[in-house]
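Novice:
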Amino acid sequence: MSTPLPVATSKRKPGRPRSKRSEEAIIKATTFLLADERYADITVSKVAARARASKSTIYRRWPTKEHLVIEAFNRWPALTPHDRGDVMSDLLGLYRQFLRVLHKPPSNAIMPTLVAERAHNPALAAVFDPLMRRRGDPVRVVLERAMERGELPRSTNVEMVVDAIMGMTVLRMYFVPGDLGIPAIREYLAVLLRGLGARGY
67 MSTPLPVATS
77 KRKPGRPRSK
87 RSEEAIIKAT
97 TFLLADERYA
107 DITVSKVAAR
117 ARASKSTIYR
127 RWPTKEHLVI
137 EAFNRWPALT
147 PHDRGDVMSD
157 LLGLYRQFLR
167 VLHKPPSNAI
177 MPTLVAERAH
187 NPALAAVFDP
197 LMRRRGDPVR
207 VVLERAMERG
217 ELPRSTNVEM
227 VVDAIMGMTV
237 LRMYFVPGDL
247 GIPAIREYLA
257 VLLRGLGARG
267 Y
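In this note's numbering, the protein residues as written are 67 to 267.
Right under this line is the structure:
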């Protein structure tokens, strides 16, 4: 009686860890292409060439161009809602952080490209819109903190106020150019806070 041969087994070798350096090069290439070219002209092939990476490397991490672009946008520094003791100071603190990010190349050229493309690109809108909602989280923190301190009424509709603040900023930046300096923003916020019934405005 013959002894059965052992069944051959193979252990799958673990995949190579993703190269952090390669990932950063890909994101950097995407960022600069967004600043230099129209959205429609940006391709994964161009990103790969500029980053000196293979297209397969890119597609393993980001399934579409839209996901890659949003990853680049998501690398913008997050705003930190510091507690300065009052809602106006807290909101102005966030705005100053936003201006520093906005005016730093190539970030200052990316937002107009994405805003324009999002209007007629459902694939981009599907990944861009949730990210923009999350970008409003620091403002939500400031408003909720002001409600806890009693500066704002408990009935304040936080989401509507976030939309008003972010909407005003986008309007002034891209559609009806106007003063974006701190004094102008302070005046706008004072009008908004007064309308909300905030103490001291």
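Think of the CB as a built atom: it goes at the ideal place given N, C-alpha and C, for glycine as much as any other residue. Computed from a predicted model, the values in this text were never measured in an experiment.
Considering only their Cβ atoms, is the gap separating residue 123 from residue 270 smaller than 8 Å?
Specialist: This structure cannot speak to residue 270, because the chain is shown only from 67 to 267.
Novice: Out of 144, 245, 105, 221, which one is the CA nearest neighbour of residue 186?
Specialist: Per the Cα distances, 105.
Novice: Roughly how many angstroms lie between the CA atoms of residue 85 and residue 111, to the nearest whole one?
Specialist: Each residue's Cα considered, the two are about 19 Å apart.
Novice: So residue 227 is in the alpha helix (DSSP H); what residue range does that whole segment cover?
Specialist: Segment 224-236, the alpha helix (DSSP H) holding residue 227.
Novice: Where does residue 184 land, buried or exposed, given buried means 16+ other C-beta within 10 angstroms?
Specialist: Under this definition residue 184 is a buried residue.
Novice: Quick one: residues in its chain with C-beta nearer than 7 Å to the C-beta of residue 159, no 5 flanking neighbours on either side, listed in chain order?
Specialist: Cβ within range, chain order: 148, 150.
Novice: Would you mind working out which of 262, 188, 102, 157 sits nearest residue 223, comparing C-alpha positions?
Specialist: For the residues 262, 188, 102, 157, the minimum Cα distance to residue 223 belongs to 262.
Novice: Going straight from the alpha carbon of residue 221 to that of residue 264, what length do you get?
Specialist: Using only the alpha carbons, I get a separation of about 11 Å.
Novice: Say whether the region 165-180 touches the region 129-144, bearing in mind that this needs 3 or more beta-carbon pairs closer than 8 Å, one atom from each stretch.
Specialist: With a cut-off of 8 Å, the region 129-144 and the region 165-180 count as touching, because enough Cβ pairs lie within range.
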